[in-house]
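Have a look at the structure below before the remarks.
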Amino acid sequence: MILPNTLVVLVGTSTLGICCGLIGSLLLLRKRALLADALAHSTLPGIVLGFLIAGSQSYWALGTGALITTLVGAGLVSRLPVVSRIRPDSATASVLGVFFGAGIALLSLAQRSGPGAFSAGLDHFLLGQAAGMLQQESLILAGAATLMSLIVILLHKEFLTSCFDSAFGSSTGMRMNTIDFIVMILLSLTIVISLPAVGVVLTAALVVIPPATARFWTDRFTIMMAISALIGAASGISGTLLSSLRVDLPTGPVVILCSSFFFFLSMLLAPHRGLVGKRLRWKQRSQRREMLRILVHLFENLKEGNDFVAKERIIAGSMRARPDALRLCQSNGYVLQAGTHLQLTSEGIIRAQRSVEARKKWIRWLDDAAEIDRNLIDLDEEDIEKLLSSRPLLDQPSPDKKPS
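Per the numbering used here, residue 64 is the first one in the sequence shown, and the count goes up by one each step.
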């Protein structure tokens with residue numbers, strides 16, 4: 064049974080995970096994931112200044128200070144590349160280092176300001192303490208996260224354009240600068256509301272890991288945002304439930320660990336981008352190429368009048384073909400074995416002819432049209448037939464060469 068306090072935390076972390084997943088997708092697709100880390104660390108001086116000015120652990124004082132310095136950091140990241148020769152990544156790294164260094168300096172000042180100053184709640188914003196979240200704080204967090212998620216959903220078409228073709232968006236009348244400003248505001252607010260749950264140190268991970276995980280599963284913008292939001296919510300829910308099993312398990316870090324688990328699981332098992340899938344496809348492709356090499360060799364012998372070729376010549380002779388490739392030829396019905404000799408079937412002859420013709424066509428295109436060294440590219444006939452039309456390059460002379 065879920066305890067009431069756990070349910071309160073669950074509402075906050077799950078909605079926060081959805082919000083971070085959606086906002087993080089925009090950053091990842093714009094190749095600005097480091098911006099989340101920079102702005103998360105830029106909250107530190109604002110938190111300490113809010114504490115020094117208010118003299119208490121008021122959530123509103125610390126949150127307002129964090130939001131102000133985050134917006135200043137976001138403005139510097141946006142304007143420094145415009146007014147100077149600094150590259151955007153250098154500007155992001157500079158803001159991260161300067162603001163975090165200033166925060167550490169102010170933090171040491173706060174620790175000397177009086178007994179118990181640091182322990183009066185300031186450490187909760189630095190490291191996060193979702194387990195101590197009050198019902199009011201959870202509802203505020205959930206409401207803010209839901210509102211920002213709705214904004215992202217309503218403006219997803221504009222965000223899609225800004226991520227992939229901002230020039231086209233400008234030509235159609237969209238204000239790309241305004242859209243970028245909205246993204247910055249949403250990111251700053253997301254980081255600030257994340258502080259009580261995961262803290263300054265881990266906020267960037269909650270923004271970056273869910274979209275990076277979703278990227279393994281799809282290439283479509285809308286689906287990626289949906290998967291990222293689901294992973295963010297699943298991370299928040301699973302992390303909260305796991306941390307509730309033991310008193311000494313902090314909720315924020317466990318949420319990040321759950322998110323990292325989903326990331327590594329996706330990195331291994333995603334069908335198209337996962338390591339296991341890539342390895343299996345590479346193995347299948349290698350087997351298919353070896354199979355075609357055997358078929359072409361048998362076809363060349365057939366053209367010379369040798370219907371049968373000794374199996375040992377294929378396996379242990381000059382070809383040194385792999386036995387599994389030969390078994391693949393036989394299982395597909397391309398090769399028949401008669402004693403110790405091999406013979407092409409009618410299907411095998413058709414497949415070998417297709418491979419030879421595609422290879423000739425590819426080499427002709429490399430020589431005449433692409434002007435690329437034929438030894439640099441090695442494709443199967445399926446790839447060649449997808450890239451090139453059926454006959455023109457074989458039947459027509461190159462426009463750059465005069466017929467003799």
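Every residue gets a Cβ at the ideal spot worked out from N, C-alpha and C, and that includes glycine.
Who are the near neighbours of residue i in its chain, counting only those whose CB is closer than 8 angstroms to its CB and skipping five residues on each side?
i      : result
Leu97  : Asp152, Thr155, Ala156, Leu159
His219 : Phe284, Thr285, Met288
Ile378 : Ala384, Pro386, Leu389
Met196 : Val71, Val72, Gly75, Leu204, Pro259, Ala260
Glu221 : Gly232, Met237, Ile242
Within its chain, find whatever has a CB closer than 7 angstroms to the CB of residue i; leave out the 5 residues flanking it on each side and keep chain order.
i      : result
Asp387 : Gln350
Pro108 : Thr132, Phe162, Ala165, Gly166, Leu169
Leu134 : Ser251
Met239 : Ser225, Ser229, Gly232, Ser233
Lys94  : none
By the DSSP assignment, the alpha helix (DSSP H) with residue i in it spans what residues?
i      : result
His404 : Taken as a continuous stretch (DSSP letters only), His404 belongs to no alpha helix (DSSP H), being part of the beta strand (DSSP E) at 404-407.
Leu393 : Checking the displayed sequence, the identity of residue 393 turns out to be Gln instead of Leu. Start and end: 386-394.
Asp152 : 151-174
Arg376 : 374-378
Mind checking residue i: buried by the 16 CB within 10 Å criterion, or exposed?
i      : result
Thr285 : exposed
Leu213 : exposed
Cys83  : buried
Phe162 : buried
Trp345 : exposed
Ile319 : buried
Arg454 : Residue confidence is low: Arg454 scores 45 on pLDDT, short of 50, so the model does not pin down where it sits. Its coordinate-derived value is still stated next. It is exposed - the Cβ of Arg454 has fewer than 16 other Cβ atoms within 10 Å.
Gly80  : buried
Val372 : buried
His335 : exposed
Gly262 : buried
Thr241 : exposed
Leu439 : Confidence in Leu439 is poor, its pLDDT being 49 and thus under 50, which makes the residue's placement unreliable; the coordinate value appears in the next sentence. When all chains shown are included, Leu439 counts as exposed.
Leu172 : exposed
Leu210 : exposed
Lys424 : buried
Ile294 : buried
Leu331 : exposed
Thr235 : exposed
Arg414 : buried
Ser88  : buried
Ser418 : buried
Ala401 : exposed
For the beta strand (DSSP E) containing residue i, list its first residue and its last residue.
i      : result
Leu399 : 398-401
Between the Cα of residue i and those of the options, spot the shortest distance and give me the residue it belongs to.
i      : options                        : result
Ile290 : Gly109, Ala103, Pro259, Ile272 : Ile272
Ala252 : Ala99, Val71, Thr408, Arg414   : One detail in the question is off: residue 252 reads as Leu in this sequence, not Ala. Ranking the options by Cα distance to Leu252, first place goes to Ala99.
Ala268 : Thr235, Leu70, Ile86           : Ile86
Thr78  : Ser301, Leu190, Phe227         : Ser301
Glu410 : Val398, Lys423, Glu375         : Val398
Leu125 : Leu189, Arg356, Val145         : Leu189
Pro67  : Leu338, Val317, Ser307         : Ser307
Pro316 : Ala193, Trp123, Gly113, Ala421 : Ala193
Leu223 : Met237, Met211, Leu210         : Met237
Ser105 : Gln120, Leu202, Ile254         : Ile254
Ile357 : Val111, Asp228, Phe244, Ile412 : Ile412
Val270 : Phe326, Phe227, Arg309, Glu221 : Phe326
Thr403 : Val359, Gln416, Arg376, Ile426 : Arg376
Ser323 : Leu202, Gly299, Ser394, Leu115 : Gly299
Gly191 : Leu202, Ala117, Thr314         : Thr314
Take residue i and list the residues in its own chain whose beta-carbon comes closer than 6 angstroms to its own, dropping the five residues that flank it on each side.
i      : result
Ser329 : Thr276, Phe279
Thr281 : Met287
Leu468 : With the chain covering only 64 through 467, there is no way to say anything about residue 468.
Leu312 : Ser306
With 8 angstroms as the threshold, decide whether the Cβ of residue i is near any Cβ in chain D.
i      : result
Ile294 : Protein chains in the displayed structure number just one, and chain D is not present.
Q) Mind pulling the alpha helix (DSSP H) runs of 4 or more residues that sit fully within the stretch 284-323? A) You should have 284-306.
Q | Secondary structure, alpha helix (DSSP H): runs of 4+ residues fully inside the stretch 336-370 | A | Fully enclosed alpha helix (DSSP H) runs of 4 or longer: 338-366.
Q | Contained alpha helix (DSSP H) runs [length at least 4] in the stretch 217-244, N- to C-terminal order | A | Those alpha helix (DSSP H) runs which fall completely within the stretch 217-244 and span 4+ residues are 219-227, 229-234.
Q | Every unbroken alpha helix (DSSP H) inside the stretch 90-129 [4 residues or more] | A | Segments of the alpha helix (DSSP H) lying fully in the stretch 90-129: 96-117.
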